[in-house]
Each structure stands twice: as structure tokens, then as C-alpha cells.
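The numbering used here puts the first residue of the sequence shown at 100, with every later residue one more than the last. We put the beta carbon where it would ideally sit given N, CA and C, even for glycine. Everything below concerns the one structure shown next.
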Amino acid sequence: LKYGRLETDSHGRLLAYVFLQDGTCVNLELLRSGNAFVYRTSEGFQMLTQFTEVQREAISERRGLWGACPTRPEAVYVGNRRTFVLHREGCDLGRDMSKHNRRRFSDRWSAFSEGFRPCRICKP
100 LKYGRLETDS
110 HGRLLAYVFL
120 QDGTCVNLEL
130 LRSGNAFVYR
140 TSEGFQMLTQ
150 FTEVQREAIS
160 ERRGLWGACP
170 TRPEAVYVGN
180 RRTFVLHREG
190 CDLGRDMSKH
200 NRRRFSDRWS
210 AFSEGFRPCR
220 ICKP
């Protein structure tokens, strides 16, 4: 394990990069295969750029979860610039966010490509 600036987040979850003996970064491989998504925070982290780029590739090729989950498309999605959570426009959590933190997206893929993650309530 290799730690960044923080070892745990505010919920006590371990924040680490996992490397195999051959130097393979497990975190990157999970993103590359579409079996994980970037969990971005306002503070960022050391490998954010790499992680986001690999996630973009998985999204564009609809690997793993990016191709497996059918969704009902919306005309507009709203993302929170502070928490990087993406909401459907009708989601209570999306409606309650401050105007300063609100960012509009015309499709969910562009938000995911920038490292936003789906709301656990409205599941965009």
C-alpha cells in the first residue's frame, strides 16, 4: 500500500494506492476494466489526473459498469462542484445544493468523464 496526503477519509475509510509486486497499480486496473469509478473530493489526490483519464477510456469503450447498467436518460443533470456528486435534476439532494456549487450537464457521460460520481439516492 502507498498512502497519499491522507491515510483515511472523514468516514474512517482507508485511502491507499494498492500495488502488486510487479508494480501494477490495482486501483488503475480496476478503473481501466470499468469495475470501479473515481471517488473524487474537492482536495484531489496525487493520481487524480491518471485515474480520470483511465476512467474516460473505460467510459468511452463502455467497459464493465459503464456498459452494463441501463439508465433512463434525463435532459439535464446537476453536479456538485464541492462533493463531485452527480444528481438527476429532480433529486432532493440536487435541488438543495447551493447555486455556487451547482454545475449543469447535458449528459451523464460528460460528468463521469470529469470525475463526478453518481448520487446513491437518484442513481443518475
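Between the region 186-193 and the region 214-221 there are three or more C-beta pairs closer than 8 Å, enough to call the two in contact. Counting along the chain, the unbroken alpha helix (DSSP H) around Leu130 starts and ends at Val125 to Arg131. CA-to-CA, the gap between Thr123 and Leu100 works out to about 12 Å.
The three-state secondary structure of Leu119, taken from DSSP, is coil. Per DSSP, the unbroken alpha helix (DSSP H) holding Thr151 starts and ends at Leu147 to Ser159. Under the criterion of beta carbons closer than 8 Å, Val153 and Arg131 qualify as touching, at roughly 5 Å. Counting of Cβ neighbours within 10 angstroms places Asn134 among the exposed residues, the total staying below 16. The beta carbon of Asp108 sits closer than 7 Å to those of Leu114, all from its chain and outside the five residues before and after it, given in chain order. Rounded to the nearest whole angstrom, the C-alpha separation of Phe144 and Arg104 is 8 Å.
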